[in-house]
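Q: Quick one: the structure is below, questions incoming.
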Amino acid sequence: MSKLKGRMFRVRAVATKELIDFVRDWRTLIAVILIPLIIFPLLFIALPLLLESQAEERSEFELRIVVQSESEVTDFMAFLDGDNANITWEELPAGIANLSDPGPDYSRVREHGVNAILRLEGGVEDNSTIWNYSILRDSTDEMANEATKRIVTALDTWEELLIEATLEENDLNPNTTLNPIRWGGDIDASDVATKGEQAGFALSLFIPLIVATWTATSAMQPSIDMTAGERERGTMEALLCAPISRFELLLGKWIAVALISATGVLAQVCALFFAIGFIASSSDMFGVPELSLSAILLMLMSILLFAIMVVAFQLALAVRSRSTKEAGSTLGPMIIAIIFPAMFAQFINLEGVEGYWFLIPVVNVLLALREILTNTIILEHIILWAGSSLIYALLAAYYASRQFNREDLVDSIN
Amino acid sequence: MKPLIQNAAGDSLSALLTLNGVSKHFGHIEALSRVDLTLNRGDVVGLVGGNGAGKTTLLRLMCGLYQPTDGNVVYHGENGDQPLVEMRNHLGVVPEGTGLYHRLTAWENIRYHTRLHGIEDEVAWEKTLQLADALSFTGELGRPTRGFSRGMRQKAAIIRALAHSPDILLLDEPTGGLDVTSAREVRSLVGQVRDSGGTVIYSTHHLAEAQQVCDRIIIIHNGEVRADGSPDELMEQTKEENLEDAYVSLTADAARIYDDVDTEGKIAKIWRKLLTPRRLPSNTSTPEEVNEDE
């Protein structure tokens, strides 16, 4: 076996073993692969469906609504939907300080004897009739909130009607008076961006954040398990006695962590595109992002360089720890160190962005991904982020290889 | 029966490993002090000493896992003196904790190491079956090691150490925690390795076991080699009638206690000092009183 072939054989042996070991741990498998796969379909498909069904369920609540006024306001009562609601009228109670003072109605609202009480009081201001109102309700009760929503909807409709009537009394056209400035024609037709480009722009605001955060978080657990975990369980000593160089060991473990992390990120991005595709197929408001082949390749390259840096750095930090607890305490704050610059990068204006932003670690990859998702390819920026990312990745790999050469690697906390 | 171990490199009794004035320091602690040793091919050497004597440090220096602070370790390979790393190709190690991956089966653990030695799976499997047969372990090869008893783990680790047919076998407390039958099987296997002409380095707390298994015993105490020779030579050297008395006579001074092993980083050290109480509760306090004080 040639020297290079021997090296490759050993690196592959390490990576294969780590992957088998990882796949056997079903808890980690769920955390790193299954959850990213279902999180976006759940968020974009299941959650709206759930909200819709809950709203429908709420609209069928049998509500008890009381309207209180000096005399019955029949104009308004007509707008209050009587379906699934028992609406009664009462006179305003005496002795209350103002309409919002629950007064004698406190206990029946609190004990849900009624779901909401609308109090109405007419008056005159500037020669016009005005109505003051308040709604007594328990804001922590779902039935009360639904009753409040129905009352507010009825009040809005009544208010519109009153405004229109007032305008007509004064010989004014409600439509021209209230909407003197209007969009001419179809608002969607005026946007020259395609649906796909619009989708790409919208996604550029959060896909980079997902990639950055998930690469870091999904690599953390396997990085700890394969380094500090080995030290803690005492398996490192036997391994280091085998004829494998520390660099080969690092490389094998790096490949395994990078594959696991990449699978997690890929699963999450695929699930996101599936959810978007599902929404796009059921509505014409959203499209599927259109990306050129070069944009896709650049995107993969930026993620790869970022993953090399993050995984190498995590392995290096984790291998310094003698227990998984120690490693967790070290790597936990590192996630924050990635999430914060990643969040800032979302708010940097891409138009006329200064070149130095593409040199800052984490921020450079995030900005690169945002540009790529909007199909903007600027050679100067690519050189800056690719070059700086490569340097950071190499520095992280060098640091990791130094940590893997530590003599105390063989020591176990046990 | 095929030999359990190779004796490919050189004649019996030719030098295999030489330690010249080797010392090892961890911070200000001197774990080993000026050790001069020569291990010959075919030797079955027992390293005997108490806890913290320096046995594991010496073993790790022999494997090249530690670099000596002073002196050097030379491996005399087939092609003359070679870097210590080269020795790993010919080395089988059973660490004290066995070092098995609990989510892998016994065979997968063994296969991982044979692959690292560049051995094809078919060849490794044949050798594994042969070794498992000798240790009555064939039925356990396909089981995950998670549920293994201490004895089963030890057997799996021994098979792993021998599966690439090393010419040096290094065992750190191989019978610790084993029942009588399993311990006997392990000793029998070491005997077979010896009969095959292999070199064995056997670290143990138990003098009787070392006497039973090894031709040569090295007694380590407080980081120093106190004696090196056959059991008879050790008794002669100390003028004692049995090996146990010889050992006691050689290690009569109190064992050192590491109370400040320098394994912490600077920040961790400062933090620990800030948070560690400087005074212990008074000797006169009962545990209840101590709890009340807290």
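Here the protein sequences line up with chains R and Z, keeping their order.
For the first sequence, the positions run 4 to 417 when this note's numbering is used.
For the second sequence, the positions run 8 to 301 when this note's numbering is used.
Built from N, CA and C at the ideal position, the CB exists for glycine as well.
Given the structure is predicted, the values throughout are model-derived calculations rather than measurements.
#1: At which residues does the alpha helix (DSSP H) containing residue 92(R) begin and terminate?
#2: Residues of the segment 152-186 of chain Z with a CB closer than 7 Å to any CB of chain R: list them in chain order, please.
#3: What do you reckon, are the CB atoms on residue 97(Z) and residue 50(Z) nearer than 7 Å?
#4: Could you have a look at residue 125(R) and say whether DSSP puts it in helix, strand or coil?
#5: On the three-state DSSP scale, how would you describe residue 235(Z)?
#6: Check each residue of the segment 106-126 of chain Z: if its Cβ is closer than 8 Å to any Cβ of chain R, include it; give the result in chain order.
#7: When you compare the segment 361-376 of chain R with the segment 292-301 of chain R, are there three or more beta-carbon pairs, one atom per stretch, that lie closer than 8 Å?
#8: Would you say residue 73(Z) reaches chain R, if we count a Cβ-Cβ gap shorter than 7 Å as a contact?
#9: Would residue 413(R) pass as an interface residue toward chain A - the criterion being a Cβ-Cβ separation below 7 Å?
#10: At a CB-CB cut-off below 9 Å, which residues of chain R make contact with residue 142(Z)?
#11: Note down, in chain order, every chain R residue with its Cβ under 7 Å from the Cβ of residue 95(Z).
#12: Reducing DSSP to helix, strand and coil, say where residue 88(Z) ends up.
#13: Against chain Z, does residue 8(R) count as a neighbour if the rule is that its beta carbon must be under 7 Å from one of theirs?
#14: Rounded to the nearest angstrom, what separates residue 242(R) and residue 120(Z) at their Cα positions?
#15: What's the C-alpha gap between residue 327(R) and residue 156(R)?
#16: Could you tell me whether the Cβ of residue 20(R) comes closer than 7 Å to any Cβ of chain Z?
#17: Just to confirm, are residue 185(Z) and residue 166(Z) a CB contact at a threshold of 7 Å?
#18: Where does the unbroken beta strand (DSSP E) through residue 33(Z) begin, and where does it stop?
#19: Using a Cβ-Cβ cutoff of 8 Å, what residues of the segment 227-240 of chain R are near chain Z? List them in chain order.
#20: How should residue 109(R) be labelled, buried or exposed, when 16 other C-beta atoms within 10 angstroms of its C-beta is the threshold for buried?
#21: Compare the beta carbon distance of residue 190(Z) and residue 100(Z) with 7 Å and say whether it is the shorter of the two.
#22: Reducing DSSP to helix, strand and coil, say where residue 79(Z) ends up.
#23: Could you check whether the Cβ of residue 17(Z) sits closer than 7 Å to any Cβ belonging to chain R?
#24: Quickly, what does DSSP pair residue 207(Z) with across the bridge? List them, please.
#25: With DSSP run on the structure shown, which of helix, strand or coil describes residue 151(Z)?
#26: If the criterion is Cβ atoms closer than 7 Å, does the pair residue 44(R) and residue 267(R) meet it?
#27: Give me whichever residues DSSP pairs with residue 224(Z) in a beta bridge.
#28: Within 10 angstroms of the Cβ of residue 157(Z), are there 16 or more other Cβ atoms? Answer buried if so, exposed if not.
#29: What separation, rounded to the nearest whole angstrom, lies between the Cα atoms of residue 17(R) and residue 249(Z)?
#30: Would you say the segment 54-71 of chain Z touches the segment 212-220 of chain Z, given that touching needs at least three Cβ pairs under 8 Å?
#31: Measure how close the beta-carbons of residue 270(R) and residue 36(R) come, nearest whole angstrom, since I'm counting them as under 8 Å.
#32: Residue 57(R) to residue 153(R), Cα distance in whole Å?
#33: Indicate the three-state DSSP secondary structure (helix, strand or coil) for residue 114(R) in the structure shown.
#34: Touching or not, the segment 355-368 of chain R and the segment 391-411 of chain R, by the rule of three or more beta carbon pairs under 8 Å?
#35: Specify the secondary structure class of residue 301(Z) as computed by DSSP and reduced to three states.
#36: Select from the segment 387-410 of chain R all residues with a C-beta closer than 9 Å to any C-beta belonging to chain Z, and list them in chain order.
A: Walking through what the data contain:
#1: Counting along the chain, residue 92(R) falls outside any alpha helix (DSSP H), though it belongs to the beta strand (DSSP E) covering 88-94.
#2: none
#3: no
#4: strand
#5: strand
#6: 106, 107, 108, 109, 110, 111, 115, 119, 120, 122, 123, 124 and 125
#7: yes
#8: yes
#9: Here chain A cannot be found, since the structure's protein chains are R and Z.
#10: The contacting residues do not exist; residue 142(Z) stays about 18 Å from chain R at best.
#11: 244, 245 and 246
#12: strand
#13: no
#14: 8 Å
#15: 57 Å
#16: yes
#17: no
#18: 22-33
#19: 236, 237, 238, 239 and 240
#20: exposed
#21: no
#22: strand
#23: Since pLDDT at residue 17(Z) reaches only 45, below the 50 mark, its modelled position is unreliable, and no value is offered.
#24: 51(Z) and 176(Z)
#25: strand
#26: no
#27: 53(Z) and 236(Z)
#28: exposed
#29: 49 Å
#30: yes
#31: 6 Å
#32: 16 Å
#33: coil
#34: yes
#35: Low per-residue confidence applies at residue 301(Z): pLDDT is 43, beneath 50, and the placement is therefore not dependable enough to give any value.
#36: 410
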